[in-house]
Amino acid sequence: MPLRPDTLGMTVMLALLAALGPLSTDMYLPSLPAIARELGASTAETQLTLSAFLFGFAVGQLVYGPVSDKVGRRPVLLAGLAIFLAASAACAAATSIELLTGARFVQALGAAGPIVLARAMVRDLYDGPRAGRELSRMGAIMGLVPAFAPIIGGVLQGLFGWRATFVVTALCGIGIGAAALVAVPET
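According to the numbering used here, numbering within the sequence shown proceeds without interruption in unit steps and concludes at 639.
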């Protein structure tokens with residue numbers, strides 16, 4: 453059943469979509485030394501995985517808005533989530549720092565879609581001060597992600613190794629993607 457505007461469910465869904473990018477950025481940070489060790493990479497090469505993500509995120513944000521204006525929000529959102537999921541799996545399976553860096557770039561291209569489209573959906577669904585309140589609520593919910601993601605990433609790193617971070621990120625993407633598939637209407 454599609455979510456309706458002015459419901460807590462819609463606010464939470466939009467916040468989760470917007471939080472996917474920060475989750476992907478912050479959760480793997482505690483694993484950088486382990487990634488360098490296991491993949492035989494220098495500190496600079498390992499930090500390049502973060503730079504590649506940020507670059508991909510910037511490029512993706514330029515693309516999703518105009519494309520979704522022409523095609524519709526929902527199909528572009530689902531495509532972005534699919535790209536994110538495939539790239540998250542590639543990150544978890546990477547056998548070299550070059551593969552990981554490339555997969556992080558593509559992961560960011562996918563993660564850019566949900567954050568851009570969540571905000572575009574707010575503009576589609578709400579006007580004026582109501583839109584501002586919705587964006588504030590989304591910001592409050594997604595503001596928790598950068599606070600807790602490194603902690604979760606550190607625990608995952610300690611218990612299972614660095615690949616677990618990307619597996620959990622992919623699982624979060626699957627959950628959010630399934631919810632979006634079922635509940636996010638075209639706006």
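By construction, the Cβ of each residue, glycine as well, lies at the ideal position given by its N, Cα and C atoms.
For clarity, every value in this text was computed on a predicted model and none was experimentally measured.
Have a look at the options and flag the residue whose alpha-carbon is nearest the alpha-carbon of residue i.
| i | options | result |
| --- | --- | --- |
| MET479 | ARG526, ILE604, CYS624 | ILE604 |
| ARG585 | VAL636, THR463, MET453 | THR463 |
| GLY419 | ALA542, ALA563, ARG525, TYR516 | In the structure as shown, the chain starts at 453 and stops at 639, and residue 419 therefore has no counterpart that could be examined. |
| PHE505 | TYR578, MET590, GLU550 | GLU550 |
| MET594 | ALA545, LEU537, GLY610, LEU466 | LEU466 |
| ALA539 | THR459, ARG615, GLY524 | ARG615 |
| MET573 | GLY524, SER494, PHE618 | GLY524 |
| ILE535 | ALA622, THR639, ALA631 | ALA622 |
| ALA630 | VAL558, LEU537, ASP579 | LEU537 |
Label residue i either buried or exposed according to how many other C-beta atoms from any shown protein chain fall within 10 Å of its C-beta, with 16 as the threshold for buried.
| i | result |
| --- | --- |
| ALA560 | buried |
| GLN499 | exposed |
| PHE600 | exposed |
| PHE612 | exposed |
| THR477 | buried |
| VAL634 | exposed |
| LEU514 | exposed |
| GLY461 | exposed |
| ALA488 | buried |
| GLY508 | buried |
| THR495 | exposed |
With DSSP as the reference, label residue i as helix, strand or coil.
| i | result |
| --- | --- |
| SER494 | coil |
| MET453 | coil |
| VAL515 | helix |
| SER520 | helix |
| GLU638 | coil |
| MET479 | coil |
| GLY473 | helix |
| SER588 | helix |
| SER503 | helix |
| ASP576 | helix |
| GLY613 | coil |
| THR621 | helix |
| SER548 | coil |
| GLY606 | helix |
| THR459 | coil |
| GLY595 | coil |
I'd like the list of long-range same chain contacts for residue i, defined as Cβ closer than 6 Å, with 5 residues on each side in sequence excluded.
| i | result |
| --- | --- |
| PRO474 | VAL597, PRO598 |
| PRO637 | PRO454 |
| LEU484 | THR498 |
Short of 8 Å in beta carbon distance, which residues of its chain neighbour residue i, apart from the five on each side in sequence? Order them along the chain.
| i | result |
| --- | --- |
| GLY512 | GLY532, ALA560, LEU561, GLY562, ALA563, ALA564, GLY565, VAL568 |
| VAL620 | MET479, ILE604, LEU608 |
| ALA546 | LEU491, LEU552, ALA555 |
| VAL528 | TYR516, VAL519, SER520, GLY565, LEU569 |
Once you ignore the five residues that flank residue i on each side, which residues in its own chain have a CB closer than 7 Å to its CB?
| i | result |
| --- | --- |
| LEU481 | PRO602, GLY605 |
| LEU468 | ILE628 |
Taking 6 Å as the line, does the beta carbon of residue i fall inside it for any heavy atom of the ligand ATP?
| i | result |
| --- | --- |
| ILE628 | The ligand ATP is not among the ligands present in this structure, which contains no ligands whatsoever. |
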